[in-house]
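Protein sequence lines, in the order shown, are assigned to chains U and X. Residue numbers for the first sequence follow my numbering, beginning at 170 and rising by one. Residue numbers for the second sequence follow my numbering, beginning at 1374 and rising by one. Some notes on the structure that comes next.
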Amino acid sequence: MAMKRIGVFICHCGRNIAGTVDVKRVAEEIGKREDVAFSTTYVFMCSQPGQKLIEDSVKKYNLDGVVVANCSPTLHEKTMRNAAARAGLNPYRVEIANIREWAAWPHEDNPDAATRKAIRIINATIEKLKANASLEPIEVPVIRRALVIGGGVAGMQAALDIADSGIETILVEKEATIGGNMFRLSETFPTLDCPQCILTPKMNDVAAHPNIKLYTYSEVEDVEGFMGNFKVKIKKKATFVDWDKCTGCGECLRVCPAHADSEFDLKMAKRTSIYIANEQAVPLKALIDENSCIRLQFEKKVKEGKIKPKKNVKICSKCADVCEPNAIHFQNNEEIVEEEVGAIIVATGYEVMPAEAFPELGGKYPDVITSLQFERLLAPSGPTAGIPRRPSDGKVPESIAFVHCVGSRDPQNGVPYCSRICCMYTIKQAMLVKHAMHDAAVYDFYIDIRSNGKGYEEFYHRAKEEYGVNFIRGKVSKVYKVGDKYRVQGVDTLTGRIVEVDVDMVVLATAAKGSSTVKEIAKKLRIPYDEWGWLKETHLKLKPLETPVGGVFIAGAAQFIKDITDSVSQGSGAAAKVMALLSKPELEKEPLLAKVDPEICAGCGRCKDQCAYDAITIDPVRHVSVVNEALCEGCGACSANCPTTAIQVVNFKKGQVVRAIDVLAEVF
Amino acid sequence: MTENEMLKKFIKDAFEKGLIEAVMAPSATQDSYTYALITKKEDVDKITPIAPVMQWNGADMIRRITKLKKSERKLLAILRPCESRTYKELVKFNQINPENIIVLTYDCPGTVHARNYKYEPTSSEKLIEDMKSGKISKKVRESCRVCEYPTPIKGVGDIGLGIVNTNEPVFFSLSDRGKEFLAGMEISEGERDDSTWVKIHRENREKWLKEERITGGRKGLEEFLSSCLNCHNCKDMCPICFCKECFFEDHSVFDYESNKFYNWADDKDGIRLPTDKSLFHVGRLIHMGTSCIGCGLCQQACPMDIPLYRLFGIVGDDLQKVFNYKPGVNDDIPPVMDFREDELHEFEGLFGGEE
């Protein structure tokens, strides 16, 4: 039944609203309505006295509906609903009229129009409110387990924090070891810690934690279900080695005759075909790369009928021959395991654009590499033991040029945004080169130095003053080969001169992008991502860890490129979100969900195909749509695509919305 | 033996061989033709498989039969090519359960407007004669003259009957089930070339798409619809409009308080009553446009003789081109049911939106 005793509360928001909108006049105009029992203004409706005003008025005037005219409902809808609920009014009989962002702010120059518009917005909101139903939250049971996707520093931190709270956590990592990109780094800015030293304790904690179940060399294959109740299929990729038996002794690596590029060293070194990701890998287990193993390639070709094996031919089995525990079986042991969890954190990290993407900057030459590759050459545990050598001839370079903003801040050739970490790591790399080779000439081409972190600016000055790195402010336009050297052509915008230097190596700080596998995962989880592969948070400022899918959170560089400090903080933050979610035996869910009128529904399935949450099925017997309330997020895409609006979101019914639009669309 | 006699014999044989237990086909009434559902071999003579009039869309009839439950008997449905495309489109929309149904379709000579037929009857045989001589009869409806697919298409329906360009009509299969069926009937599949018959229709269509487009924007549209009675007959006859309750007949949306009428009148210097007439047509177009298979029944249904197919058919054709979708001719998913990450880029920013 339509409401007849509505209370309207108009917020001044200090001068934010009252400075432009004549709130007194608004209250008077609205007060004239037959269905409005009470209307008033108050300086801050969100303050404690403001909330008290709602509580008292609901009781005093026996209100059956409340409109609060203030700011965006994303800020204080819940505050106002709770206030009304404390006075005994169903919270879904409270609506927000956003007169700050919609009337006061955009029309500061025209107070009269802003006031009339505010009245219009409130009238429209009252029209919508009048047909609101009283609703009760929906209760959904919760599985007290969590899944973390990505075993980099953010994912590990999240898994450790959740596990420490007593919740069983599953950590899935696509590579053969946890550690992520951080484990590839030489040293970290601005403290110059060795990541291998500071990260290994965390990696070992993950491996040894009684509440963490670790799947490395595994990928999330499929996700079903909803907040509190996800069913996840995890694919354990084929290793051809029995990891229960493998001791990680490395004997097999010494005899393997086949080689391929090392994933861990980002093509800066070769590894054997049977390999362990790196010497400190967790878990320390060997696996065979099917594509380069002589035996597996041979067996594959035989299976495909491409070659016929001769009798008595001895196929390579050198690794298996030396394996004492008999762990190497050459059998494809790919396996799908299923896990049930209540919450998911996506921490899939980042990638950098390859040097090859920038041929004009010499990306095609072997000695022009990305900064991440250069990290491996600087790392004491890396293929060159910390003294960089040219990939082409192994020579120790006497001069190196670093180029900032390669692809970053460059929408034509790369990405429009600043990749955030490049300034600092490039400064660090320049410093480390100077540290290892005092006489090396180091040129650092930058547009601006962005050093906005604790201790970052000081770090930059150390590089300039203590280490004598040549910082040149200006872009590099071209890198080409001259004899044995690479000529870097740039400009020094401080002196206005063209600069040309001949160097032995060029390091490109290429733009960061989301992990290449993230889009697949995002689709499985039904969470949004942008064109650069960054996962989209619900609100950049206030909900940076949340996604629109309940129970799915994001952490670390998967959301946007960030440094270690921020990644670790986000890992802990997302973990706290998960712990809060899983701390209750049952979850309360907003009841503002889609509902089907089976009398009208023709069962055509247009809603089903629009549903991003797989919440809709067609009942085969009644031949109508059915909504799974636990899955539905109330977005309304189904309703918009239903030709007859047989499916509608509760309290957003067509009559309500159309009447609100009618009011808004009247002649102004 | 005429094509109709031949088909009736085919149906009787199918009954006899136990390949079917029912047939749905047109049947003559006093002034027109309706669809008849026949379950006994002796009743087959009551039907006229190829009728000169299409009063209803046959796929719409099958929708009624199988809406709640699949066909419990083996049913043979004789459908015109446009109806067989409708059939396929309605299967996609979950409105027809195709299990247990065999669809037979044929080279179509077109149909006469139902009202014209009432006052000036003609026979299918005459229309077929014209077709065989390569002419589209002047009597047939506008939508038939500009039909894009006047002959059976592989994958749409199960059995085709070729009539043009052949001395004796030939049966051929359109699907695996059709192949099996014909084998069961001990009929060997034949061939005929229908390209000329298709070509003259396509030429007509191209010309029609250019010349009959409603121009003049909103005013042109209002003029085009000016005699509309708001009877919603076009919607009732449209096989794609399968909703149980039309949005445009929903009183929670289309009942207004008096002030709304007055405000409109203020704003627009007077309004026409009843309101929402053009809105109904435009709204319907949005709902069914991408799936309009071109049967033209909207136009036949209009009591005021508004050539509605020029609206729904031509704008529908535009929409279908935008989404690269042809309703009812293949297994593509209708654009309204499909999520495509990359689409409509050519329209981005068209309305002053951000890039």
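The C-beta atom is built at its ideal place from N, Cα and C for all residues, glycine as well. Bear in mind that the values here come from a model prediction, so they are computed numbers and not experimental data.
Problem set entry | Simplified DSSP state of M600/U, which is helix, strand or coil | Correct three-state label for M600/U: helix.
Exercise. Secondary structure at D766/U, three-state DSSP: helix, strand or coil?
Worked result: Three-state result, D766/U: coil.
Problem set entry | At least three beta-carbon pairs within less than 8 Å, the stretch 569-577 of chain U to the stretch 678-692 of chain U | Taking 8 Å as the limit for Cβ pairs, the verdict is that the stretch 678-692 of chain U does touch the stretch 569-577 of chain U.
For this session: Identify which residue in A332/U, H604/U and R589/U has its Cα closest to the Cα of S620/U.
Result: Nearest of A332/U, H604/U and R589/U to S620/U, Cα basis: R589/U.
For this session: Give the C-beta separation of P856/U and M351/U to the nearest angstrom, bearing in mind that I take them to be a contact with Cβ-Cβ under 8 Å.
Result: Residue 856/U is absent from the model: chain U starts at 170 and stops at 837.
Exercise. Whose Cβ in chain U lies nearer than 7 Å to the Cβ of V1709/X?
Worked result: Correct list: R775 and N810.
Exercise. Since I268/U and A252/U are thought to touch, with beta carbons under 8 Å apart, how far apart are those beta carbons, to the nearest angstrom?
Worked result: I268/U to A252/U, Cβ: 18 Å. No contact.
For this session: Kindly indicate if chain X contains any beta-carbon less than 8 Å away from that of M172/U.
Result: Not one chain X Cβ lies under 8 Å of M172/U.
For this session: Consider the Cβ of D831/U: report whether some Cβ of chain X lies at a distance smaller than 8 Å.
Result: By this cut-off, D831/U is an interface position.
Problem set entry | Against chain X: residues of the stretch 775-792 of chain U by CB proximity under 7 Å | Residues passing the 7 Å Cβ filter: R775, D778, I787 and H792.
For this session: Quick one: list the residues of chain U neighbouring F1620/X, beta-carbon separation under 7 Å, in chain order.
Result: Under the 7 Å cutoff, chain U gives P812, T813 and T814.
Exercise. Hey, would you say T210/U sits closer than 8 Å to A273/U, going by beta carbons?
Worked result: The Cβ atoms of T210/U and A273/U lie no closer than 8 Å to each other.
Exercise. Okay, do the stretch 627-639 of chain U and the stretch 589-602 of chain U touch, 3+ Cβ pairs below 8 Å being the bar?
Worked result: Touching, yes.
Exercise. Between E1727/X and chain U, is there a C-beta pair that is closer than 8 Å?
Worked result: Because the pLDDT of E1727/X is 45, which lies under 50, any placement of that residue in the model is unreliable, and the question is left without a value.
For this session: Kindly indicate if chain X contains any beta-carbon less than 8 Å away from that of I569/U.
Result: False, the Cβ-Cβ gap to chain X never drops below 8 Å.
Exercise. Is it buried or exposed for F1712/X, if we count other Cβ within 10 angstroms and need 16 for buried?
Worked result: Under this definition F1712/X is an exposed residue.
Problem set entry | chain X contact residues for L769/U, given Cβ-Cβ distances below 7 Å | What sits at residue 769/U in the sequence shown is Ile, not Leu. The contacting residues are K1617 and E1618.
For this session: Step through the CB atoms of chain X and report whether any lies within less than 8 Å of the CB of V827/U.
Result: Residue-level contact check: V827/U touches chain X, since one or more beta carbons of chain X fall below 8 Å from its beta carbon.
For this session: Look at the alpha carbon of V410/U and the alpha carbon of T416/U, and state the distance between them as a whole number of angstroms.
Result: The alpha-carbon atoms of V410/U and T416/U are separated by roughly 11 Å.
Problem set entry | Every unbroken alpha helix (DSSP H) inside the stretch 430-494 of chain U [4 residues or more] | Unbroken alpha helix (DSSP H) stretches of 4 residues or longer found wholly inside the stretch 430-494 of chain U: 463-472 and 487-491, given in chain order.
Problem set entry | Cβ shell of V147/U (< 6 Å), same chain only, five flanking positions each side left out | Here chain U has residues from 170 to 837 only, and residue 147/U is not among them.
Problem set entry | Residue-chain proximity (Q1428/X, chain U), Cβ-Cβ < 8 Å | False, the Cβ-Cβ gap to chain U never drops below 8 Å.
Problem set entry | Amino acids of chain X, ordered along the chain, whose beta-carbon sits closer than 9 Å to that of K764/U | Within chain X, no residue comes near K764/U; the closest Cβ sits about 15 Å away, beyond 9 Å.
For this session: Starting from the Cα of K1608/X, find the closest Cα among E1618/X, S1599/X and T1407/X and give me that residue.
Result: When only C-alpha atoms are compared, the closest one is E1618/X.
Exercise. Going by the beta-carbon positions, is the gap between A1395/X and L1448/X smaller than 8 Å?
Worked result: A contact, by the Cβ cut-off of 8 Å.
Problem set entry | Rounded distance between the beta-carbons of L750/U and A516/U, thought under 8 Å | Actually they are not in contact, since the Cβ atoms of A516/U and L750/U sit about 16 Å apart, beyond 8 Å.
Exercise. Comparing alpha-carbon positions, which option in N1540/X, P1471/X, C1668/X and I1475/X lies nearest R1518/X?
Worked result: If we check each option's Cα against that of R1518/X, C1668/X comes out closest.
Exercise. For the candidate residues A1424/X, D1416/X and K1414/X, whose alpha-carbon lies nearest to that of T1739/X?
Worked result: Nothing about residue 1739/X can be read from this structure; chain X reaches only from 1374 to 1728.
Exercise. Do you know how far the Cα of N373/U is from the Cα of P379/U?
Worked result: Between P379/U and N373/U, the C-alpha separation is close to 12 Å.
Problem set entry | 7 Å Cβ shell around G1726/X - same chain, five flanking residues per side excluded | Residue placement at G1726/X cannot be trusted, given a pLDDT of 47 that sits under 50; the coordinates are not used to answer.
Exercise. D1404/X touches chain U at which residues, Cβ-Cβ below 7 Å?
Worked result: Those within 7 Å of D1404/X in chain U number zero; the least Cβ separation is about 32 Å.
Exercise. Listed in chain order, which residues of the stretch 1626-1638 of chain X have Cβ atoms closer than 7 Å to some Cβ of chain U?
Worked result: So the list reads V1626, K1633 and N1636, given in the order they occur along the chain.
Exercise. Going by Cα to Cα distance, which pick from D1691/X, E1564/X and P1494/X is closest to K1527/X?
Worked result: Checked all of D1691/X, E1564/X and P1494/X; the closest Cα to K1527/X is E1564/X.
Problem set entry | Spatially closest choice to P557/U from S216/U, S355/U and I463/U, by CA coordinates | Checked all of S216/U, S355/U and I463/U; the closest Cα to P557/U is S355/U.
For this session: Could you work out which residues of chain X lie near E835/U, taking near to mean beta carbons separated by less than 7 Å?
Result: Among the residues of chain X, those whose CB is under 7 Å from the CB of E835/U are N1636, following chain order.
Problem set entry | Beta carbon proximity, L1441/X to chain U, threshold 8 Å | Yes, L1441/X counts as interfacial toward chain U.
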